[in-house]
Amino acid sequence: MVIVNKYTVFGNPIAQSKSPTIHYMFAEQANLIIEYDRTVATPENFIPALTNFFNNANAKGCNVTSPFKEQVAKWVNDLSAAAKIAGAVNTVIKKEDGTFLGDTTDGSGLVQDLLRLGVQIKGARILLLGAGGAARGVLQSILALEPACLIIANRTEEKAKQLASLVPRDNFVGVGLHQLLEVQQPFDLIINSTSASLTGELPAIPESVISSSACVYDMSYADKPTVFLQHAQKLGVQDTFDGLGMLVGQAAESFYLWTGFRPDVSPVIDELKSHL
Ligand code: ATR
């Protein structure tokens, strides 16, 4: 009898999630037969639903998305170093001994996508816009690749400072968006992690901050360039990228953690792009 390993993604809302499509494509590459569902939950029934899912002996792991990433971090037995810094988990791995490890693959999804796109991180001057969960989740992975500096700029200055204080380093600081006017040297890479793109808004950053030679990356994606990417293009930036590759990259890292197989992300990104 073929044993089919089970996975799911918890979230609310979750009907729109592309995770099952992505993981079925990975499984095909790996020659594995898996079952990957979407599970909607409420804050009240999330933990019972999670426990119930893992009561099935074939359940090997799950993804967790908004708004449960912090709640699940408290439920798992162990946290990876990245998940500790992020204070959030997007991947749960059931270990051989029956305990649960919580990890976050958003950061490695982002840096793998940047490297795939040929964007240099080591030695680069990087500006990260936003200091919410999305920024927190990628900090560690960016810093691990040794940029020359990382500046977190946020509408609410205090949150940027708090985030920077999590990983004390001379070349890593948190500032308010308005303080960017004081930055003299241009950035090599500007990453928008704010949720502004989702509502079609532009973070209020001075135009002088976006040099035409910079790479501009938006963690959001849509069927057309986000307002932030359109803004950068109007300012003459050639290298603009959206977050679809990060979405596939973080999923690939989860798949690897569960199965030991590293999927080829490029055909999956192309396939998703053709259906946006
Ligand atoms: P996520 O998990 O997507 O990061 P979040 O934790 O709610 O969501 O954080 C949203 C981030 O986007 C915050 O940094 C927020 O800035 P504030 O801390 O000042 O609220 C930022 N953000 C949202 N809308 C924005 C806008 N219109 N302009 C600038 N920043 C914005």
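Read left to right, the sequence shown gives residues 5 to 280 (our numbering). Glycine included, C-beta positions come from ideal geometry on N, C-alpha and C.
For this session: Please confirm whether I209 and L167 have their CB atoms less than 7 Å apart.
Result: Working through the sequence shown from its first residue, we reach residue 209 at position 205. Working through the sequence shown from its first residue, we reach residue 167 at position 163. Not closer than 7 Å, so no.
Problem set entry | Distance, Q116 Cα to V179 Cα | The residue you call residue 179 lines up with position 175 of the sequence shown. The residue you call residue 116 lines up with position 112 of the sequence shown. Counting only the Cα atoms, Q116 lies some 26 Å from V179.
For this session: Rounded to whole angstroms, what's the CA-CA distance from A53 to V93? Just pull it up for me.
Result: Taking the first residue of the sequence shown as position 1, residue 53 is located at position 49. Taking the first residue of the sequence shown as position 1, residue 93 is located at position 89. Taking the straight line joining both Cα atoms gives about 16 Å.
Exercise. Would you say the beta carbon of E39 comes nearer than 6 Å to a heavy atom of the ligand ATR?
Worked result: Taking the sequence shown and counting its residues from 1, one reaches residue 39 at position 35. Result no, Cβ not under 6 Å from the ligand ATR.
Exercise. Which residues bound the beta strand (DSSP E) around I156?
Worked result: Position 152 of the sequence shown, counted from the first residue, corresponds to residue 156. That run of the beta strand (DSSP E) goes 153–158.
Exercise. Does the region 99–117 touch the region 254–269, meaning 3 or more C-beta pairs lie closer than 8 Å?
Worked result: Taking 8 Å as the limit for Cβ pairs, the verdict is that the region 99–117 does touch the region 254–269.
Exercise. Do you know offhand how far L133's Cα is from G15's?
Worked result: On the sequence shown, position 129 is the one that residue 133 refers to. On the sequence shown, position 11 is the one that residue 15 refers to. Just so you know, the alpha carbons of L133 and G15 end up roughly 25 Å apart.
For this session: Flag K165 as yes when its Cβ comes closer than 6 Å to any non-hydrogen atom of the ligand ATR, and as no otherwise.
Result: Here residue 165 refers to the residue found at position 161 of the sequence shown. Closer than 6 Å to some heavy atom of the ligand ATR: that does not describe the Cβ of K165.
Exercise. Can you list the beta strand (DSSP E) stretches of 3 or more residues lying completely in the region 124–196, in chain order?
Worked result: Entirely contained in the region 124–196, the beta strand (DSSP E) runs reaching 3 residues are, in chain order, 129–133, 153–158, 176–180, 193–196.
Problem set entry | Span of the alpha helix (DSSP H), counted from its first residue to its last, around N49 | Within the sequence shown, residue 49 is the residue found at index 45, counting from 1. Per DSSP, N49 belongs to no alpha helix (DSSP H) and is neither H nor E.
Exercise. When the distance is taken between beta carbons, is S201 closer than 7 Å to D227?
Worked result: Reading the sequence shown from its first residue, position 223 is the one you call residue 227. Reading the sequence shown from its first residue, position 197 is the one you call residue 201. When the beta-carbon positions are compared, D227 and S201 stay at least 7 Å from each other.
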